[in-house]
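Worksheet: one structure, shown below.
4 protein chains.
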Amino acid sequence: MSVTLEQAEQLSKAAKEKANAIGVPMNIAIVDEGANLVAFHRMDNAWLGSIDIAIKKAKTARFFDMNSGEIGKLSQPGGPLYNIEHSNGGLISFPGGVVLKDGDGKIVGAIGVSGGSVDQDHEVASAGAEAL
Amino acid sequence: MSVTLEQAEQLSKAAKEKANAIGVPMNIAIVDEGANLVAFHRMDNAWLGSIDIAIKKAKTARFFDMNSGEIGKLSQPGGPLYNIEHSNGGLISFPGGVVLKDGDGKIVGAIGVSGGSVDQDHEVASAGAEAL
Amino acid sequence: MSVTLEQAEQLSKAAKEKANAIGVPMNIAIVDEGANLVAFHRMDNAWLGSIDIAIKKAKTARFFDMNSGEIGKLSQPGGPLYNIEHSNGGLISFPGGVVLKDGDGKIVGAIGVSGGSVDQDHEVASAGAEAL
Amino acid sequence: MSVTLEQAEQLSKAAKEKANAIGVPMNIAIVDEGANLVAFHRMDNAWLGSIDIAIKKAKTARFFDMNSGEIGKLSQPGGPLYNIEHSNGGLISFPGGVVLKDGDGKIVGAIGVSGGSVDQDHEVASAGAEAL
Chain C
798 MSVTLEQAEQ LSKAAKEKAN AIGVPMNIAI VDEGANLVAF HRMDNAWLGS IDIAIKKAKT
858 ARFFDMNSGE IGKLSQPGGP LYNIEHSNGG LISFPGGVVL KDGDGKIVGA IGVSGGSVDQ
918 DHEVASAGAE AL
Chain V
798 MSVTLEQAEQ LSKAAKEKAN AIGVPMNIAI VDEGANLVAF HRMDNAWLGS IDIAIKKAKT
858 ARFFDMNSGE IGKLSQPGGP LYNIEHSNGG LISFPGGVVL KDGDGKIVGA IGVSGGSVDQ
918 DHEVASAGAE AL
Chain A
798 MSVTLEQAEQ LSKAAKEKAN AIGVPMNIAI VDEGANLVAF HRMDNAWLGS IDIAIKKAKT
858 ARFFDMNSGE IGKLSQPGGP LYNIEHSNGG LISFPGGVVL KDGDGKIVGA IGVSGGSVDQ
918 DHEVASAGAE AL
Chain H
798 MSVTLEQAEQ LSKAAKEKAN AIGVPMNIAI VDEGANLVAF HRMDNAWLGS IDIAIKKAKT
858 ARFFDMNSGE IGKLSQPGGP LYNIEHSNGG LISFPGGVVL KDGDGKIVGA IGVSGGSVDQ
918 DHEVASAGAE AL
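Protein chains in written order, with the numbering used here: chain C, 798 to 929; chain V, 798 to 929; chain A, 798 to 929; chain H, 798 to 929.
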C-alpha cells in the first residue's frame with residue numbers, strides 16, 4: 798500500500814500546523830511508495846529555493862528508506878557514500894526528509910520539508926509523519 | 798499580487814470535484830505569478846507521467862500568459878512557433894494549462910491539469926480557475 | 798572582433814525603442830562572437846517564458862550564422878535538419894534571432910528577441926541589429 | 798512589487814562603476830521577486846564562466862532571501878546544508894549574490910556578480926544593491 802492523497806493532505810495539514818506553531822513558513826512535499834510526488838504545498842512567503850529541496854528530501858528519504866539526514870552522515874568527504882548527491886537528478890542529504898510508515902511498520906512513502914533550519918525542517922516533517 | 802496557498806487549495810479542491818464528477822483521476826498543479834509551484838495534488842490512481850505534465854502545463858500558461866493549448870496551435874510543423882517546446886526546460890503546449898486572473902483581470906498564476914483526455918484536462922483546469 | 802558591452806547596450810536600446818513603438822514588451826538578448834551572453838533585458842510585463850527563448854534565439858543565430866527563422870525552414874518534418882532543436886541544450890528555430898555584422902560584413906554576434914508574434918520579434922531584433 | 802527594468806539598469810550601472818573603480822571586469826545579473834532574470838551585463842573581457850555564476854548567485858540569493866555567501870557557510874562538509882548546491886538546477890553558494898530590498902525592507906529581487914575574487918564580487922554586488 799502507498800500513501801493516498803487523502804492521507805497526504807492530512808500529513809501536510811499536520812506539518813503546516815507545526816510550521817505555524819514555530820512561526821516558519823515551509824515547503825512540504827509528500828511522495829508515495831514509488832517515490833513519485835503525491836502532494837506539495839508552499840506556505841505564503843516560504844523560500845522559493847525550498848520548493849525543489851522539499852521535493853528532493855522526500856524522494857531521497859524514499860529512495861533509501863531512511864531519513865534524508867542519515868544519507869548526509871555517509872556522504873561527507875572520506876565517507877562511504879561521498880557525493881552520492883550527484884545521483885538521481887540531485888539528492889538532498891540533510892535533515893527534513895522523513896519516511897512514512899503504516900501501522901505495520903511498512904514504508905508507504907516519505908515527507909520532505911524545507912524552509913527553516915534543518916532542525917526546524919525535521920521537526921515539521923516529523924510532525925507530518927506522525928499524523929499518518 | 799500572487800495566488801496564495803489558501804486560494805491554491807480552494808482551486809485545487811474545485812478541480813478535484815470536477816475530476817470526480819467526470820470520473821477521471823487527475824494531477825493538479827498551481828504556480829504563482831513568478832511561475833513557481835504553490836500547490837500540487839495527485840489524485841489516487843492518476844497517471845504518474847502526468848505529475849510533470851501538470852506542472853509544466855501550469856508553468857507554460859504563466860510563461861506566456863495564455864492557456865497552454867494556445868501555444869500548441871502555433872507550435873505545429875509549419876507553424877510560427879514550431880518546436881517552442883524545447884525552451885524553458887520543456888513546455889507542454891496542449892490543453893490543460895489555464896491562467897489565473899484576479900477580479901481586475903490581472904494574471905496571478907496558472908493551473909495545470911493532466912490525467913485524462915486534453916478536453917477533460919482543460920475542463921478540470923477551467924473549473925479550478927473559475928473558483929478563484 | 799566581437800560585439801562589446803557598449804555596443805550591445807546600444808543595440809538593446811534601439812530594440813527597446815522599437816518594442817515601445819509597436820507597444821509590445823520584449824525580452825532582448827545579445828551574444829558575442831563566441832555565442833556567449835553579453836547583455837539581456839526583460840522589459841516590464843514581458844513574458845517570463847521568453848527569457849530563455851530570447852537567449853536561445855540569439856545563440857541559435859550565432860551557432861549557424863544565419864537568422865533563427867532560417868533554421869526553422871530546414872527543421873520541419875521531412876526537412877534536412879529535422880528536429881535539430883534537440884542540439885546545444887535546445888535551439889529556437891523560429892524568427893527573432895538575427896546575426897550581427899560589423900561594417901565589413903563579418904559576424905560579431907547575434908541578437909535574440911521574444912515577447913510578441915514572431916514577426917514582431919524579428920522586427921525588433923532587426924531594429925537592434927541595424928543599430929550596430 | 799518587483800524590481801523594474803529601469804531599476805535593474807540603474808543597479809547594474811552602479812555595479813559597473815564599482816567594477817571599473819577596482820579594475821575588474823564583471824558579469825552582473827539581476828533577478829526579480831520570482832527569481833526570474835531581468836537584466837544581465839558582461840563587461841568586456843570578463844570571464845566567460847562567470848555568466849552562469851552571476852545568474853546563479855542572483856537566483857540563490859532570492860531563493861533563500863539571504864546573500865549567497867551565507868549559504869556557503871552552511872553547506873560545507875559537516876555543515877547543516879552540506880551539498881545544498883545540488884538543488885534548483887545548481888546553486889552558487891559563495892559571496893557575490895545580494896538580496897535587493899525596497900524602502901520598506903521588502904525583498905524585491907537579487908543581484909549576482911562574478912568575475913573577480915569573491916570579496917570583489919560581493920563588493921560590486923553590494924554597490925549595485927545599495928543603488929536601489
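Here a beta-carbon is modelled for each residue, glycine too, at the ideal position from N, C-alpha and C.
| Check | Outcome |
| --- | --- |
| Flag this pair as yes or no: are the beta carbons of residue 823 of chain A and residue 840 of chain A separated by less than 8 Å? | yes |
| Between residue 801 of chain H and residue 889 of chain H, what straight-line distance do the alpha-carbon atoms span, to the nearest angstrom? | 24 Å |
| Identify which residue in V/928, V/911, V/832 has its Cα closest to the Cα of residue 858 of chain V. | V/832 |
| Output the distance between the C-alpha atoms of residue 835 of chain V and residue 819 of chain H, rounded to the nearest integer angstrom. | 42 Å |
| Relative to the alpha-carbon of residue 848 of chain V, which residue among V/874, V/913, V/926, V/924 has its alpha-carbon at the smallest distance? | V/913 |
| CB-CB under 6 Å to residue 842 of chain A, same chain, minus the five flanking residues each way: which ones, in chain order? | 822 |
| Whole-angstrom Cβ separation of residue 887 of chain H and residue 853 of chain H, contact assumed at under 8 Å? | 6 Å |
| Helix, strand or coil for residue 911 of chain H, going by three-state DSSP, please let me know. | strand |
| For residue 824 of chain V, write down the residues that DSSP places opposite it in a beta bridge. | V/839, V/911 |
| Could you spell out the range, first to last residue, of the alpha helix (DSSP H) harbouring residue 871 of chain A? | 865-871 |
| For the alpha helix (DSSP H) that residue 898 of chain H lies in, which residues bound it at each end? | Here residue 898 of chain H belongs to no alpha helix (DSSP H); instead the beta strand (DSSP E) covers 894-898. |
| Have a look at residue 928 of chain C and residue 878 of chain H and give me their C-alpha separation to the nearest angstrom. | 26 Å |
| Could you have a look at residue 888 of chain C and say whether DSSP puts it in helix, strand or coil? | coil |
| Establish whether the CB of residue 823 of chain A and some CB of chain H are separated by less than 8 Å. | no |
| Name the two residues that bound the continuous alpha helix (DSSP H) containing residue 801 of chain V. | Here residue 801 of chain V belongs to no alpha helix (DSSP H), and DSSP marks it neither H nor E. |
| To be precise: take each residue of the segment 868-887 of chain H, compare its Cβ to all Cβ atoms of chain V, and keep it if any distance is under 7 Å. Which residues remain? | none |
| If you reduce the DSSP assignment to three classes, tell me which class residue 829 of chain C lands in. | strand |
| Quick one: what's residue 834 of chain V bridged to in DSSP? | V/828 |
| Counting only C-beta atoms, is residue 897 of chain A closer than 8 Å to chain V at any point? | no |
| Where does residue 906 of chain A sit, in a helix, a strand or coil, going by DSSP? | strand |
| Using only the alpha-carbon positions, how far apart do residue 892 of chain H and residue 807 of chain H sit? | 21 Å |
| Under three-state DSSP, which class holds residue 817 of chain C? | helix |
| Assign residue 808 of chain C to one of three DSSP states: helix, strand, or coil. | helix |
| Please determine, among V/906, V/816, V/881, V/810, the residue with the shortest C-alpha to C-alpha distance to residue 798 of chain V. | V/906 |
| The alpha helix (DSSP H) that contains residue 849 of chain A, what's its start and end? | 847-861 |
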